[in-house]
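*Asks:*
Numbering (this note's numbering), first residue to last: 4 to 472.
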């Protein structure tokens, strides 16, 4: 597979031109805080400053930067409750800061949104989504948990639990080597469970990718080359959670604009046909290929090249989708509804990049020894061009590939806490087709399903996944 430079920016089509920072207000009301998810005014401007005089040990007022990002210094307080430890990342929306929660005595991640109205509005929608997820994900095992939110100096701040590295972080640290197939199976099972959970709530994530799937635990295994290990870094636990719900939409909202990061974007989005839950399933298929191969399946940044790569890997696009393509996508096709490729290629490098791609079956067989047939069959269901024919999340969960067992040397971990099956004399069993130990407050449906494949332990823990020993 052609390992072209990985340039993976987030969507930038909606970034507004730079605007000068707003002048500081002379007097602002006290900070608004949504502890315990209280309903508060959506866009209340807040600060804990009066005429630049700090209160409660907070830093002096300073203007935002030219892009509306909050300007801070390590060690300062973000309100008296949170102290800034480091900057974890930055994106279109704003910044993510690692902070100490002085009330709960824990490390948290705080998303500080840019002080621009469109991003403030998007943040409030994200908070609605996070609150809905939290109400239904009782054990907090599928999606990152919101701890709090507040409006600080015109910046919406969302407080999250601190999670471990993303799956993309592990790929990068391992020089884009693939994960063990048994770990890919467990990641895929949990990812589909999380997506099915969201779809049941009539929510569409729209931005699924390895960067937005994080390890539930901060610990990970590092191995030196002296150990003879193929992997430099592996997650200590297989437990994962979805993150970044800034692009998540409700079922009833408009579904005609461009969504998803380029590498994981479904064909119906590129063709302007509208989209629904199935766009998430296409992304899941692309993610599984990346986890078992180490490289993104479609490494491109241009629509025509992207469609050409799809046809190279998966076969020709169906005529009924080409005929319905919107005006902006018509230019990618010649008369007779054939893709304008390679005639429309922008460079020889682009042509070479497409022709170097193998068919899906060959690609998987290059990286997977056992279970290749089942994985190929699952991917063919997830990567069907027609969204109406694509596997749904709950259908995919019943696929034979996801019913395999974990390899020897892996142990189970509780989904609700950090308790490990190697401690506390828990009665945990590896069964022929599953490795789950039920117990804990779950729905009656989950109890019935889990009872078929698990054993009860007296300590009331749900055990699932694996920990690499």
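Virtual Cβ for every residue (Gly too), placed ideally from N, Cα, C. Computed from a predicted model, the values in this text were never measured in an experiment.
#1: Tell me the rounded alpha-carbon separation between residue 296 and residue 117.
#2: Got a sec? Which residues, its chain only, sit under 6 Å from residue 171 by beta carbon, not counting five neighbours each side?
#3: Using only CA atoms, which one of 206, 392, 238 lies nearest to residue 218?
#4: Going by beta-carbon coordinates alone, are residue 363 and residue 383 separated by less than 8 Å?
#5: Tell me which same chain residues have a C-beta within less than 8 Å of the C-beta of residue 340, skipping the five on either side of it?
#6: Please classify residue 257 as buried or exposed, where buried requires at least 16 other C-beta atoms within 10 Å of its C-beta.
#7: Provide the residue(s) that pair with residue 97 in DSSP beta bridges, ordered along the chain.
#8: Using beta-carbon positions only, say whether residue 309 and residue 354 come within less than 8 Å of one another.
#9: Pull up the distance between the alpha-carbon of residue 83 and that of residue 106, whole angstroms please.
#10: Quickly, what does DSSP pair residue 247 with across the bridge? List them, please.
#11: Roughly how many angstroms separate the alpha carbons of residue 240 and residue 220, rounded to a whole number?
#12: On the criterion of 16 or more Cβ atoms from any shown chain inside 10 Å, does residue 287 qualify as buried, or is it exposed?
#13: Does DSSP classify residue 150 as helix, strand or coil?
#14: For the stretch 71-78 and the stretch 134-149, state whether three or more C-beta atom pairs, one from each stretch, are separated by less than 8 Å.
#15: Taking the alpha carbon of residue 129 as the reference point, which residue from 380, 141, 115 has its own alpha carbon closest?
#16: Quick check on the burial criterion: 16 or more other C-beta atoms within 10 angstroms. Buried or exposed for residue 329?
#17: Check whether the Cβ atoms of residue 81 and residue 113 lie closer than 8 Å to each other.
#18: If you reduce the DSSP assignment to three classes, tell me which class residue 393 lands in.
#19: Going by beta-carbon coordinates alone, are residue 254 and residue 331 separated by less than 8 Å?
#20: Could you please give me the residues that DSSP links to residue 90 through a beta bridge?
#21: For residue 181, which three-state DSSP category applies?
#22: In the DSSP assignment, what are the bridge partners of residue 85?
#23: Could you check whether the stretch 145-165 touches the stretch 369-381, counting it as contact only if at least three pairs of C-beta atoms, one from each stretch, sit closer than 8 Å?
#24: Locate the alpha helix (DSSP H) running through residue 286, then write down its first and last residues.
#25: What are the boundary residues of the alpha helix (DSSP H) that residue 2 is part of?
#26: Nearest CA to the CA of residue 337: which residue from 307, 167, 303?
#27: So residue 298 and residue 179 are supposed to be a Cβ contact under 8 Å. How far apart are they, rounded?
#28: Taking residue 173 as part of the alpha helix (DSSP H), name the residues at either end of that continuous run.
#29: Cβ atoms of residue 243 and residue 190: under 8 Å apart, would you say?
#30: Which whole-angstrom value is the C-beta distance of residue 149 and residue 174, which I expect to be below 8 Å?
#31: Tell me, to the nearest whole angstrom, how far the beta carbon of residue 197 is from that of residue 145; I am working on the premise that it is less than 8 Å.
#32: State the Cα-Cα distance for the pair residue 263 and residue 405, rounded to the nearest angstrom.
#33: Just the Cα atoms here: how many angstroms apart are residue 261 and residue 202?
#34: For residue 125 versus residue 277, is the C-beta spacing smaller than 8 Å?
*Replies:* Concretely, from the data shown:
#1: Taking the straight line from one Cα to the other gives about 36 Å.
#2: So the qualifying residues of the chain are 213, 214.
#3: With distances taken between Cα atoms, residue 218 lies closest to 238.
#4: It is a contact, given that the beta carbons lie within the stated cut-off.
#5: Only 322, 325, 326 meet the Cβ criterion.
#6: Looking at its Cβ environment, which holds fewer than 16 other Cβ atoms inside 10 Å, residue 257 is exposed.
#7: Partner(s): 116.
#8: Remark: C-beta atoms of residue 309 and residue 354 do not approach each other more closely than 8 Å.
#9: CA-to-CA, the gap between residue 83 and residue 106 works out to about 10 Å.
#10: For residue 247, which the question treats as bridged, DSSP gives no partner whatsoever.
#11: Going from the Cα of residue 240 to the Cα of residue 220 covers about 7 Å.
#12: Counting the other CB atoms within 10 Å of its CB gives residue 287 a total of 16 or more, which places it among the buried residues.
#13: Reduced to three states, the DSSP call for residue 150 is strand.
#14: The stretch 71-78, when compared against the stretch 134-149, does not touch it at the 8 Å Cβ threshold.
#15: Cα-wise, what sits closest to residue 129 is 115.
#16: Per the 10 Å Cβ criterion, exposed.
#17: Yes, Cβ-Cβ distance for residue 81 and residue 113 is below 8 Å.
#18: Three-state DSSP puts residue 393 in coil, outside helix and strand.
#19: Going by C-beta atoms, residue 254 is not nearer than 8 Å to residue 331.
#20: Answer by DSSP bridge pairing, in chain order: 100.
#21: When DSSP states are grouped into helix, strand and coil, residue 181 belongs to the coil group.
#22: Residue pairing by DSSP places residue 85 opposite 81, 104 in a beta bridge.
#23: Taking 8 Å as the limit for Cβ pairs, the verdict is that the stretch 369-381 does not touch the stretch 145-165.
#24: That run of the alpha helix (DSSP H) goes 281-296.
#25: The shown model of the chain, from 4 to 472, leaves out residue 2, and the question about it has no answer.
#26: Of the listed residues, the one whose Cα sits closest to residue 337 is 307.
#27: Their Cβ separation, rounded to whole angstroms, is 6 Å, which keeps residue 298 and residue 179 in contact under 8 Å.
#28: Residue 173: member of the alpha helix (DSSP H) spanning 170-176, first to last residue.
#29: Cβ atoms of residue 190 and residue 243: closer than 8 Å.
#30: In fact, because the Cβ distance is near 27 Å, the residues do not count as touching under 8 Å.
#31: Sure, about 4 Å apart at Cβ, within 8 Å.
#32: Take the alpha-carbon of residue 263 and the one of residue 405: they are about 25 Å apart.
#33: Computed Cα separation, rounded: 19 Å.
#34: At a Cβ-Cβ threshold of 8 Å, residue 125 and residue 277 do not count as neighbours.
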